[in-house]
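A.B. asks:
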Amino acid sequence: MNVQKSSIYVNGVPARILQQICLSAGMKLELLPFSYLGIPIAARKFSVIECFVLVEKVVARIRALGSRHLSYGGRLALLHSYWARIFILSKSIIKRIEDTCRNFLWRGSHIYISAPSIAWDQICKDPEMGVLGIRKAYEWNIASVGKYIWWIASKKDHLWVKWVNGIYLRGTDWRDMKCTVNSTWSWRRICHVKEAVIDGYMGEWWISAGNEYSVQKVYQWLTRGDTVVPWWQFVWNRFRLPRQRFISWMAMHQRLYTNTRLARFGVVSDGLCCLCADEAETQAHLFFECVFSRKCLQILSSKLGMYIPCTDTWQWWDNNRFQNMFVKKLVRDCIIATLYSIWHCRNLSLFYGVILLPSVVMDKLCRDIQCRCRSVVSGHILVKFDDWIVRLGY
1 MNVQKSSIYV
11 NGVPARILQQ
21 ICLSAGMKLE
31 LLPFSYLGIP
41 IAARKFSVIE
51 CFVLVEKVVA
61 RIRALGSRHL
71 SYGGRLALLH
81 SYWARIFILS
91 KSIIKRIEDT
101 CRNFLWRGSH
111 IYISAPSIAW
121 DQICKDPEMG
131 VLGIRKAYEW
141 NIASVGKYIW
151 WIASKKDHLW
161 VKWVNGIYLR
171 GTDWRDMKCT
181 VNSTWSWRRI
191 CHVKEAVIDG
201 YMGEWWISAG
211 NEYSVQKVYQ
221 WLTRGDTVVP
231 WWQFVWNRFR
241 LPRQRFISWM
251 AMHQRLYTNT
261 RLARFGVVSD
271 GLCCLCADEA
281 ETQAHLFFEC
291 VFSRKCLQIL
301 SSKLGMYIPC
311 TDTWQWWDNN
321 RFQNMFVKKL
331 VRDCIIATLY
341 SIWHCRNLSL
351 FYGVILLPSV
361 VMDKLCRDIQ
371 CRCRSVVSGH
381 ILVKFDDWIV
391 RLGY
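Quick note: the sequence shown uses full-length UniProt numbering, first residue 1, plus one each step.
Have a look at this one:
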């Protein structure tokens, strides 16, 4: 230990004894609060001003990332590194951080510009529920603080657990622990968390012998209850690029800003399709009924050697009996990539007036899928199913 970089923090110690401690240790005396590795340490509840430094750090990071022109998928990947495990955070600070993250996801900035396409509470659920899988900060904070309850319940050999048993519990069962008028803010919050997770502790046997506490497991229990959507495996998979998965997810929720929606908002004068200019640009028309999209799907069908329908595509993929699981995943990735390419071509036509040929688009797309498969798929699987990957280049 470096004595020059260390300090002593005490409370309730007489001045004479405190002086002897400092002389014996050779360290200087400091007062609370202080920061350790950028984390504020205090013996009382953090004020909003003290916690606001956390919000400022999130905003500073978003400002640095906002200049990189990230796609929706890129922003989503960054938000998955969200944290709330160290402190017992107040609801106001959690709300500020979530508002900042929400603005960054939808608009690439920490400033609120317009209403998001989908409400934040609706997207902070598991991908199986048809959403993005971003963690809810408040529930994640409860699951993290719940570890202290697990320590007390399982009688962990920690100095803090012994102190709690001597000061607060005094021989009573952990299920009956309560806060009093004189209890500290942190202990009141721990008792509140105990009431939130006690049913899960007992019903799921998290405190039984040999079990280890899992923040992820408790978080999933706290956010349980929603039904699993049948198409989640069609959209969320690691073989496709994040931006392709995100656009497919928005399409499943009917939230893409097609010309029909933009005309309803008064952004464009008419709602005609940007690729054919014959009919209204709805999602069904853009991806499956437009001449451009039908030609793209026909080219993909010929390369894969199978018929891909233009209606209920994901249901066809889910119900079809493919040769094996690799072929099923390959067909899924090709369909998702094709839908994204159609959306990309639509944006090129809308913003730059450029319309590419379907053959050019699909040739580039198939080459990209070949490269992606060879970089992600294991070697022995590539050898076994190389003929499927090669046929995409024909």
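In this text, a Cβ means the ideal position worked out from N, Cα and C, and glycines have one as well.
By how many angstroms is the C-alpha of K147 removed from the C-alpha of E30?
C.D. replies: Between E30 and K147, the C-alpha separation is close to 30 Å.
A.B. asks: Which term fits V55, buried or exposed, when burial requires 16 or more other beta carbons within 10 angstroms of its beta carbon?
C.D. replies: Counting Cβ neighbours within 10 Å, V55 comes out buried, since at least 16 surround it.
A.B. asks: Taking E128 as the reference, which of W249, Y352 and C273 has the closest Cα?
C.D. replies: When each option's Cα is compared against that of E128, the closest is W249.
A.B. asks: Residue ranges of each beta strand (DSSP E) run of no fewer than 3 residues wholly in the region 106 to 146, ordered along the chain?
C.D. replies: For the region 106 to 146, not a single whole beta strand (DSSP E) run of length 3 or above is found.
A.B. asks: Do V145 and I152 have their CB atoms nearer than 9 Å?
C.D. replies: No, the pair does not count as a contact, with Cβ atoms beyond the cut-off.
A.B. asks: In whole angstroms, what is the alpha-carbon distance linking L272 and T282?
C.D. replies: Taking the straight line from one Cα to the other gives about 9 Å.
A.B. asks: Run the CB neighbour count on A143, radius 10 Å, all protein chains shown included, and call it buried at 16 or more, exposed below.
C.D. replies: Buried: at least 16 other Cβ atoms inside 10 Å.
A.B. asks: Assign Y168 to one of two classes, buried (16 or more other C-beta atoms within 10 Å of its C-beta) or exposed (fewer than that).
C.D. replies: Per the 10 Å Cβ criterion, buried.
A.B. asks: Do you know whose CA, among N320, L275, C310 and C366, lies nearest W343's CA?
C.D. replies: Taking only the C-alpha atoms, the option nearest W343 is L275.
A.B. asks: Note down, in chain order, each residue of its chain lying with its Cβ closer than 6 Å to the Cβ of L89, except the 5 sequence neighbours on either side.
C.D. replies: Contacts found: N141.
A.B. asks: When you compare only the Cα positions, how much space is there between C124 and K136?
C.D. replies: Each residue's alpha carbon lies about 6 Å from the other.
A.B. asks: Which residues bound the alpha helix (DSSP H) around N259?
C.D. replies: It spans N259 to F265 - the alpha helix (DSSP H) in which N259 sits, taken as one unbroken run.
A.B. asks: Along the chain, which unbroken stretches of the alpha helix (DSSP H) at least 4 residues long are found entirely within the UniProt domain "Reverse transcriptase zinc-binding" (213 to 295)?
C.D. replies: Runs found: 215 to 222, 232 to 235, 242 to 252 and 259 to 265.
A.B. asks: Take the Cβ of T260 as the centre, count every other Cβ of all protein chains shown within 10 Å, and call the residue buried at 16 or more, exposed below.
C.D. replies: Buried: at least 16 other Cβ atoms inside 10 Å.
A.B. asks: Between R188 and the rest of its own chain, which residues show a CB-CB distance below 7 Å, the 5 nearest in sequence each way excluded?
C.D. replies: Only C179 meet the Cβ criterion.
A.B. asks: At a cut-off of 8 Å, is E279 close to the ligand HEM when judged by its beta-carbon and the heavy atoms of the ligand?
C.D. replies: Within the structure as shown, the ligand HEM is missing, as the structure has no ligands at all.
A.B. asks: Would you call F265 buried or exposed, if buried means 16 or more other Cβ atoms sit within 10 Å of its Cβ?
C.D. replies: Exposed is the call here.
A.B. asks: Specify, as a first and last residue, the run of the alpha helix (DSSP H) that K45 falls within.
C.D. replies: Premise fails: K45 is in no alpha helix (DSSP H) and is neither H nor E.
A.B. asks: Going by the DSSP bridge assignment, what does K384 pair with across the sheet?
C.D. replies: The partner list for K384 (beta bridge, DSSP) is empty, contrary to what the question assumes.
A.B. asks: Excluding sequence positions up to five away, which residues of its chain have a Cβ less than 8 Å from the Cβ of A209?
C.D. replies: Low confidence applies to A209: its pLDDT is 45, below 50, so where it sits in the model is not reliable, and the reading given next is rough at best. There are no such residues.
A.B. asks: Which of helix, strand or coil does DSSP assign to S378?
C.D. replies: Looking at S378 - three-state DSSP - the assignment turns out to be coil, as it is neither helix nor strand.
A.B. asks: Report buried or exposed for R240, applying the criterion of at least 16 other Cβ atoms within 10 angstroms of its Cβ.
C.D. replies: Buried, because 16 or more other Cβ atoms sit within 10 Å of the Cβ of R240.
A.B. asks: Buried or exposed, going by whether 16 or more other CB atoms sit within 10 Å of the CB of P14?
C.D. replies: Exposed: under 16 other Cβ atoms inside 10 Å.
A.B. asks: Measuring CA to CA, which of Q370, V131 and D270 is closest to D226?
C.D. replies: Checking every option, the nearest Cα to that of D226 belongs to V131.
A.B. asks: Report yes or no: do the region 89 to 101 and the region 193 to 202 share at least 3 C-beta pairs separated by less than 8 Å?
C.D. replies: Taking 8 Å as the limit for Cβ pairs, the verdict is that the region 193 to 202 does not touch the region 89 to 101.
A.B. asks: Taking the alpha helix (DSSP H) that D173 belongs to, which residues open and close that run?
C.D. replies: Careful: D173 lies outside any alpha helix (DSSP H) and carries neither H nor E.
A.B. asks: When DSSP labels each residue in this structure, what does S359 get in the three-state scheme?
C.D. replies: Helix at S359.
A.B. asks: So I381 and F326 are in contact, right, with Cβ under 8 Å, and what is the actual spacing, rounded?
C.D. replies: That belief holds up - the Cβ atoms of I381 and F326 are roughly 6 Å apart, short of 8 Å.
A.B. asks: Let's test the definition: count the other Cβ atoms within 10 Å of the Cβ of R75 and tell me whether it reaches 16, buried, or not, exposed.
C.D. replies: Its Cβ being crowded by 16 or more others within 10 Å, R75 is buried.
A.B. asks: Can you grab the Cα-Cα spacing for the pair D270 / L262, in whole Å?
C.D. replies: C-alpha separation (whole angstroms): 9 Å.
A.B. asks: So does the region 298 to 308 actually touch the region 327 to 337, counting three or more Cβ pairs closer than 8 Å?
C.D. replies: In short, these stretches touch, since the Cβ pair count reaches three.
A.B. asks: For the alpha helix (DSSP H) that contains D312, what are its first and last residues?
C.D. replies: D312 -> no alpha helix (DSSP H), and no H or E assigned at all.
A.B. asks: Report yes if the C-beta distance between T338 and L365 is below 9 Å; otherwise report no.
C.D. replies: Contact: yes.
A.B. asks: Name the DSSP beta bridge partners of S71, please?
C.D. replies: Answer is none; S71 lacks a bridge partner.
A.B. asks: Where H285 and E279 are concerned, what is the direct C-alpha to C-alpha distance, given to the nearest angstrom?
C.D. replies: Taking the straight line from one Cα to the other gives about 8 Å.
A.B. asks: Applying the 10 Å Cβ sphere with the 16-neighbour rule, what's the burial state of Y213?
C.D. replies: That one is buried.
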